[in-house]
Structures are given as C-alpha cells and as structure tokens.
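At position 158 of the sequence shown (counting the first as 1) the number is 158 in full-length UniProt numbering, and the numbers step up by one without a gap.
Quick reminder that beta carbons are idealized off the backbone N, C-alpha and C, glycines included.
Everything numeric in this text was worked out from a predicted model, so none of it was measured.
First comes the structure, then the notes that go with it.
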Amino acid sequence: MAFSSSSIADIVISGTRVIYKSDQKSVNVRLENKGNNPLLVQSWLDTGDDNAEPGSITVPFTATPPVSRIDAKRGQTIKLMYTASTSLPKDRESVFWFNVLEVPPKPDAEKVANQSLLQLAFRTRIKLFYRPDGLKGNPSEAPLALKWFWSGSEGKASLRVTNPTPYYVSFSSGDLEASGKRYPIDVKMIAPFSDEVMKVTGLNGKASSAKVHFLRH
C-alpha cells in the first residue's frame, strides 16, 4: 500500500478538512475520479492511528457507502453520520480522520504476461473535526489566542505553545524570526486546552526578542 496526497492520487476529495457540527444529521463529502480508469474506493474513519485496519476501528461515525466504484471523470458522494455510539466532549472539538483508499482495476492479462507490473493502492486522509454547539469564541481566531513561551534544554531552542481555546489549531508550516533570520519550527496540531512543545531548527539558546510566523492548515 502506498500513501499519497490527493494531488497525486486519481481520487480527489473536495476540501482539506471536514467540519461536523453537532446540530447536523450528516455531512456529505464529494469524491471525484480525475483519472482515465474506473476505481474501487473504500472510505472509513479512524481516531488517528493510520496503521489500524478499518475493521478493527471503533468510531462514532459511519461512512456510506463504505465501498463504491467511481467511473473515470465521475464523482461519488460519501455521507458521514454521527452515531453517538461513543459520547464525545461537549466543551471542545474532537478530531478524527476520514480515509479514502483507491484500488486500481485489474491489469490486462496479456500485458501482465509480457512485462513486470507494480500496482499501488493510494490512500488519502483528511481531518474531521466534530464541533459541539455553543463553543465559545470564533474558530478562525483560535490561532491568535495561542500563547508562546521559550522552552528547550541543553542549548537547543524550542517553543511551548498553549491553546486556551476549545478548538484544534493546525499549521502547515511555521518559522521563528530572530535577529534578522528565520528558523523553521517543527509544527504540530494543538488540541483544545492543551500544550505542545515545538522544536526550532538551527537556533541555539534563546533570542532576546522573536516573532512567530505560521501558515494555518
């Protein structure tokens, strides 16, 4: 099995994340087959372990249909539904992962007989955030509420980031500007009401003043 972003795989997911509000009965996710061949597609959700087999995962969501055939240049709508089989926190978001595995069609028997062939099954994952009704604050402003502190040991710089909001905050990239230079930050997703330590590459010790730049995912 090979992992791929939707830009490499033939199956493209509409959007880079799913927001599931608690007052919604279901959420639809659109899949498009941009390739030239029909594909068999399997869809499921997990709790973050990308090595877990779909049949062994327990999540309070269903994906319908779990398996579908999508013809070339055609699409398929996957309905995600919260089953309430597991109680989720009401004072903060919960995160899950929506998976799409595309399996290519069987190769022509004659071609297989005449040459070596390697087929890959591509898998794409995006985050699903379950958002309870009545959470305080604006999720789009959550990154601005983060609190940044110097951390680290043995002269290696790092930042401790505190998220005081009920929302998850994800970054696609980030860097620390200090003394006219920029140093990459090993960004992580920060859960609600929690802390994360992020390493700063190339900076030793602490700077007298610094500025954090980040691009939200």
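In chain order, what residues of the same chain lie with their CB nearer than 6 angstroms to the CB of residue i, ignoring the 5 residues before and after it?
i	result
ALA210	LEU176, ALA178
LEU40	ARG69, VAL103
VAL67	GLN42
SER14	ARG30
PHE3	Here the model assigns PHE3 a pLDDT of 41, short of 50, so the residue's position is not dependable and the matter cannot be decided.
SER170	MET189, HIS217
GLY205	GLY155
GLU196	VAL161, LYS188, ILE190
Would you please state the rounded distance, in angstroms, between the beta carbons of residue i and residue j? I believe it to be under 8 angstroms.
i	j	result
PHE96	THR47	6 angstroms
ALA200	LEU159	For clarity, residue 200 is Val in the given sequence; the question names Ala instead. VAL200 to LEU159, Cβ: 6 angstroms. Contact.
HIS217	SER172	4 angstroms
ARG74	PRO166	Contact flag wrong, Cβ pair sits at about 39 angstroms.
ASN163	PRO192	6 angstroms
PRO132	SER22	5 angstroms
Among the candidates the options, whose CA atom is the shortest distance from the CA of residue i?
i	options	result
ILE11	ILE78, VAL197, SER56, ILE57	ILE78
ILE126	TRP44, ALA84, PRO38	TRP44
THR58	PRO65, ASP71, TYR82	TYR82
LEU135	LYS90, LYS106, TRP150	LYS90
GLU53	ASP71, ALA72, LEU101	LEU101
For the beta strand (DSSP E) containing residue i, name the first residue and the last one.
i	result
ASN163	156 to 163
MET81	75 to 82
LEU203	194 to 204
TYR167	Here TYR167 belongs to no beta strand (DSSP E), and DSSP marks it neither H nor E.
ASN28	27 to 33
SER56	Element bounds for SER56: n/a, residue is neither H nor E.
THR86	It is not in any beta strand (DSSP E) - THR86 carries neither H nor E in the DSSP assignment.
GLU102	94 to 103
ILE19	17 to 21
Could you tell me which residues DSSP pairs with residue i in its beta bridges?
i	result
HIS213	ASP175
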